[in-house]
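One point on numbering: in UniProt numbering, the residue at position 81 of the sequence shown is 81, and numbering is uninterrupted.
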Amino acid sequence: MAPASGTEVYQNARIVDPSRGIDETGTLIVTDGVIAACGAGARNQGMPEGATTIDCAGLTLIPGLVDMRVHVEEPGGEHRETIASACEAAAAGGVTSIVMMPDTHPVIDDVALVEFVLRTARETGTVRVHPAAAITVGLAGAEMTEIGNLKAAGAVMFTDGRATIANAAVMRRAMTYARDFGAVIAHHTADDELIGRGVMNEGLFASLLGLPGIPREAELLPLERDLRLARLTGAAYHAAKISCAMSADAVRAAKGERLDVTAGASVNHLSLNENDVGEYRTFFKLAPPLRHEDDRLAMVEALRDGTLDIICSDHDPQDVDTKRLPFAEAEDGAVGLETMLSAALRLYHSDEVPLMRLIEAMSTAPARRLGLDAGTLAPGAPADFALVDLDAPFVLDPADLKSLSKNTPFDGARFSGRPVRTVVGGRTVFAA
1 MAPASGTEVY
11 QNARIVDPSR
21 GIDETGTLIV
31 TDGVIAACGA
41 GARNQGMPEG
51 ATTIDCAGLT
61 LIPGLVDMRV
71 HVEEPGGEHR
81 ETIASACEAA
91 AAGGVTSIVM
101 MPDTHPVIDD
111 VALVEFVLRT
121 ARETGTVRVH
131 PAAAITVGLA
141 GAEMTEIGNL
151 KAAGAVMFTD
161 GRATIANAAV
171 MRRAMTYARD
181 FGAVIAHHTA
191 DDELIGRGVM
201 NEGLFASLLG
211 LPGIPREAEL
221 LPLERDLRLA
231 RLTGAAYHAA
241 KISCAMSADA
251 VRAAKGERLD
261 VTAGASVNHL
271 SLNENDVGEY
281 RTFFKLAPPL
291 RHEDDRLAMV
301 EALRDGTLDI
311 ICSDHDPQDV
321 DTKRLPFAEA
331 EDGAVGLETM
341 LSAALRLYHS
351 DEVPLMRLIE
361 AMSTAPARRL
371 GLDAGTLAPG
381 APADFALVDL
391 DAPFVLDPAD
401 LKSLSKNTPF
411 DGARFSGRPV
421 RTVVGGRTVF
431 AA
């Protein structure tokens, strides 16, 4: 993506940059797509000749969000989402970089598919698209992919997407190779045998609805195995999306041993709970399932204390054919690129999590974990940022979503706060 040319000056903004620990009123100057200056100190540097000025009074300027878990259905499911439509949705949500999951059709498990994603993103995308490659060929959990070649081609991390690798020997081998190539293994942990026919969180509410439940241990047991393997191999391991107090405790203990471990959670599991399923509302059918309120609160506390490093959208487009079904038969997943920030801001407005920590978890932390040149407003960095009205009230209408799919659990939700402008490489890619 070619950067914009010329100079733009964003004045009078509240600037929140977790990478430098600043929260202050100031100015951001962009020259040829790169941040030239940012902060209170940039207010008195004078106006460069020919510069365009934008008054940001009342708005908050943050690093562009980096969404570390985005399912895009191209190739193979373009009726649900294309790279272009996902980028449009991302821009509307203040997201300037997305990490695309490999569970497309065909699976991104060889160099040609990584190159296809990068080429298509260059030709059709408006935000930065980083492909993740599969850990195992065809996501089958048996034969390893060529991690070194895939990383050299541009894959930024390795994951089997929605699938969990059951074979511990395969996982150990993958971690060992990933360590040797300096790659991150990101894994969704779910024991299929324990899940069985379960479709929602195991507990009283599942019993009341007459639906088979999924125990928390289905997430915890493979997670604990992975953490032991991370200790054994010294690999960089990321628990892709945890959802309950027991998992947070396991990650907290691993970090106490100073293992190279991070953890993420979807914004859904930080802002919703199992009661939102209500009367069998399939747009709330997710993997892992929405948990009890006690688990949600434990996850929020894990986010506050740093046990939980990263918030992702877990954007997973589904269509009418896969969602408008009886609850037990509907597919898991929800779109989320456009609502991640607004949903996360609920935690800020309720004083559960400071704004700085929230922005860090959605920008600086994922960029740092993957070594991306993003998530910062430091001079010299690409001019990827969002202007946000933190108090703008709105009611979400799914018809307004840019995504080709509309399966959002926030249908009709009331939010306070949304992006009003998103900039990538100095170019405005979204303006309200």
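Note that the Cβ used here is the ideal one computed from N, Cα and C, for glycine as well.
Simplified DSSP state of Val-335, which is helix, strand or coil: Counted from its first residue, the sequence shown places residue 335 at position 335. Three-state result, Val-335: coil.
Ile-310 vs Gly-264 beta-carbon contact at 8 Å: The count along the sequence shown starts at 1 and reaches residue 310 at position 310. The count along the sequence shown starts at 1 and reaches residue 264 at position 264. Yes, Cβ-Cβ distance for Ile-310 and Gly-264 is below 8 Å.
Selection from His-349, Asp-384, Val-66, Ser-247 that minimises the alpha carbon distance to Thr-31: Stepping through the sequence shown from its first residue, residue 31 is reached at position 31. The shortest C-alpha separation from Thr-31 is found at Asp-384.
Three-state secondary structure assigned by DSSP to Thr-364: For the purposes of this step, residue 364 is taken as residue 364 along the sequence shown, with counting starting at 1. In the structure shown, Thr-364 sits in a helix (DSSP, three-state: H, G or I).
At least three beta-carbon pairs within less than 8 Å, the segment 58-68 to the segment 104-113: no
Whole-angstrom C-beta distance between Ser-97 and Thr-376, which should lie under 8 Å: Translated into positions along the sequence shown, residue 376 becomes position 376. Translated into positions along the sequence shown, residue 97 becomes position 97. Not quite, the Cβ-Cβ distance comes to about 12 Å (not below 8 Å), so this is no contact.
C-alpha distance - Ser-405 paired with Ala-92, whole-angstrom precision: Reading the sequence shown from its first residue, position 405 is the one you call residue 405. Reading the sequence shown from its first residue, position 92 is the one you call residue 92. Going from the Cα of Ser-405 to the Cα of Ala-92 covers about 15 Å.
Stretch pair the segment 384-396 + the segment 311-329: three plus CB contacts closer than 8 Å: no
Integer-rounded CB distance, given that Ala-206 should sit under 8 Å from Ala-287: The sequence position of residue 287 within the sequence shown is 287, counting from 1. The sequence position of residue 206 within the sequence shown is 206, counting from 1. With a Cβ gap of about 15 Å, Ala-287 and Ala-206 do not count as contacting.
Residue of Ala-399, Ser-416, Asp-314 minimising C-alpha distance to Tyr-348: Along the sequence shown, one-based indexing puts residue 348 at 348. The residue with the shortest Cα to Cα distance from Tyr-348 is Ser-416.
Gly-228, enclosing alpha helix (DSSP H) - first and last residue: Counting from 1 along the sequence shown, the entry for residue 228 is found at position 228. The amino acid occupying residue 228 in the given sequence is Arg; Gly does not appear at that position. Counting along the chain, the alpha helix (DSSP H) containing Arg-228 begins and ends at 217-233.
Cut-off 8 Å between Cβ atoms - residues of its own chain near Thr-45, not counting five sequence neighbours on either side: For the purposes of this step, residue 45 is identified with residue 45 of the sequence shown, where counting begins at 1. Reading off the sequence shown, one finds Gln at residue 45, where the question assumed Thr. Once the five neighbours on either side are set aside, the close Cβ partners of Gln-45 are Thr-27, Ile-29, Ala-37.
Selection from Pro-354, Asp-316, Arg-357, Ile-359 that minimises the alpha carbon distance to Glu-78: Residue mapping note: residue 78 aligns to position 78 of the sequence shown, counting from 1. Here the closest residue by C-alpha is Asp-316.
Distance, Gly-306 Cα to Ala-367 Cα: Reading the sequence shown from its first residue, position 367 is the one you call residue 367. Reading the sequence shown from its first residue, position 306 is the one you call residue 306. So the alpha carbons of these two residues sit roughly 16 Å apart.
Exposure of Ser-5, with buried meaning 16 or more beta-carbon neighbours within 10 Å: By one-based count along the sequence shown, residue 5 stands at place 5. Classification of Ser-5: exposed, given that the 10 Å Cβ count is below 16.
Spatial neighbours of Pro-419 in its chain, beta-carbon cut-off 6 Å, leaving aside the 5 residues before and after: As a working note, residue 419 is residue 419 in the sequence shown. So the list reads Gly-94, Ala-386, Val-388, once near-sequence residues are dropped.
Residues near Glu-352 in its chain [Cβ-Cβ closer than 6 Å; skip 5 each side]: Position 352 of the sequence shown holds residue 352. Here Glu-352 has Val-300 as same chain residues with Cβ atoms under 6 Å from its own Cβ, once five neighbours each way along the sequence are excluded.
Proximity winner among Asp-55, Thr-7, Val-99, relative to Leu-370 (alpha-carbon distances): Taking the first residue of the sequence shown as position 1, residue 370 is located at position 370. Ranking Asp-55, Thr-7, Val-99 by Cα distance to Leu-370 puts Val-99 first.
C-alpha gap between Phe-284 and Arg-225, whole angstroms: On the sequence shown, position 284 is the one that residue 284 refers to. On the sequence shown, position 225 is the one that residue 225 refers to. Each residue's Cα considered, the two are about 28 Å apart.
Sequence-distant residues of the same chain with beta carbon closer than 6 Å to Thr-422, five excluded per side: Translated into positions along the sequence shown, residue 422 becomes position 422. Within the same chain, and ignoring the five residues on either side of Thr-422 in sequence, the residues whose Cβ sits closer than 6 Å to its Cβ are Ala-91, Gly-94, Ala-386, Val-429, Phe-430.
Three-state secondary structure (DSSP) of Val-30: For this step, residue 30 is matched to residue 30 along the sequence shown. Correct three-state label for Val-30: strand.
Expected contact under 8 Å - CB spacing of Pro-409 and Asn-268 to nearest Å: The count along the sequence shown starts at 1 and reaches residue 409 at position 409. The count along the sequence shown starts at 1 and reaches residue 268 at position 268. The distance from the Cβ of Pro-409 to that of Asn-268 is about 6 Å, consistent with a contact at the 8 Å cut-off.
Cβ-based neighbour list, Arg-304, same chain, cut-off 7 Å, excluding 5 preceding and 5 following: Translated into the one-based positions of the sequence shown, residue 304 becomes position 304. Excluding residues within five positions, the ones whose Cβ falls inside 7 Å are Val-353, Arg-357.
Minimum C-alpha distance to Asp-400 - residue among Pro-63, Val-335, Gly-380, Glu-146: The residue given as residue 400 occupies position 400 in the sequence shown. Per the Cα distances, Val-335.
Leu-208 vs Val-199 beta-carbon contact at 8 Å: Stepping through the sequence shown from its first residue, residue 208 is reached at position 208. Stepping through the sequence shown from its first residue, residue 199 is reached at position 199. Going by C-beta atoms, Leu-208 is not nearer than 8 Å to Val-199.
Run of the beta strand (DSSP E) containing Glu-274, from where it starts to where it stops: What you label residue 274 is simply residue 274 of the sequence shown in a count that begins at 1. Careful: Glu-274 lies outside any beta strand (DSSP E) and carries neither H nor E.
Same chain only: Cβ atoms within 7 Å of Glu-73, ignoring 5 sequence neighbours per side: Counted from its first residue, the sequence shown places residue 73 at position 73. Closer than 7 Å at Cβ, skipping near neighbours: Arg-80, Glu-81, Thr-104, Pro-317.
DSSP-derived helix/strand/coil call for Ser-247: The sequence position of residue 247 within the sequence shown is 247, counting from 1. The answer is helix: DSSP assigns Ser-247 an H, G or I state.
Straight-line gap, Asp-55 to Val-111 (C-alpha atoms, nearest Å): By 1-based counting over the sequence shown, the position of residue 55 is 55. By 1-based counting over the sequence shown, the position of residue 111 is 111. Distance between the alpha carbons of Asp-55 and Val-111: 45 Å.
Beta carbon of Asp-295 nearer than 8 Å to that of Cys-244: The residue labelled residue 295 in the question sits at position 295 within the sequence shown. The residue labelled residue 244 in the question sits at position 244 within the sequence shown. Contact: yes.
Whole-angstrom distance between Leu-204 and Ala-153, CA atom to CA atom: In the sequence shown, counting from the first residue as 1, residue 153 sits at position 153. In the sequence shown, counting from the first residue as 1, residue 204 sits at position 204. Each residue's Cα considered, the two are about 48 Å apart.
Alpha-carbon spacing of Val-261 relative to His-238, whole angstroms: Taking the sequence shown and counting its residues from 1, the one referred to as residue 261 is at position 261. Taking the sequence shown and counting its residues from 1, the one referred to as residue 238 is at position 238. Rounded to the nearest angstrom, the two C-alpha atoms are 6 Å apart.
Member of Arg-128, Leu-59, Met-157, Glu-49 whose CA lies at the smallest distance from the CA of Ala-89: For the purposes of this step, residue 89 is identified with residue 89 of the sequence shown, where counting begins at 1. Taking the Cα of Ala-89 as reference, the smallest distance to any Cα among Arg-128, Leu-59, Met-157, Glu-49 is reached at Arg-128.
Beta carbon of Ala-163 nearer than 8 Å to that of Pro-131: Within the sequence shown, the letter at position 163 stands for residue 163. Within the sequence shown, the letter at position 131 stands for residue 131. Taking 8 Å as the Cβ cut-off, Ala-163 and Pro-131 do not qualify as a contacting pair.
Anticipated Cβ contact below 8 Å, Ile-62 with Ile-359, distance rounded: Here residue 62 refers to the residue found at position 62 of the sequence shown. Here residue 359 refers to the residue found at position 359 of the sequence shown. Beta-carbon to beta-carbon, Ile-62 and Ile-359 are separated by about 5 Å, close enough to satisfy the 8 Å threshold.
Contact check, Phe-158 vs Val-184, beta carbons under 8 Å: Along the sequence shown, one-based indexing puts residue 158 at 158. Along the sequence shown, one-based indexing puts residue 184 at 184. Yes.
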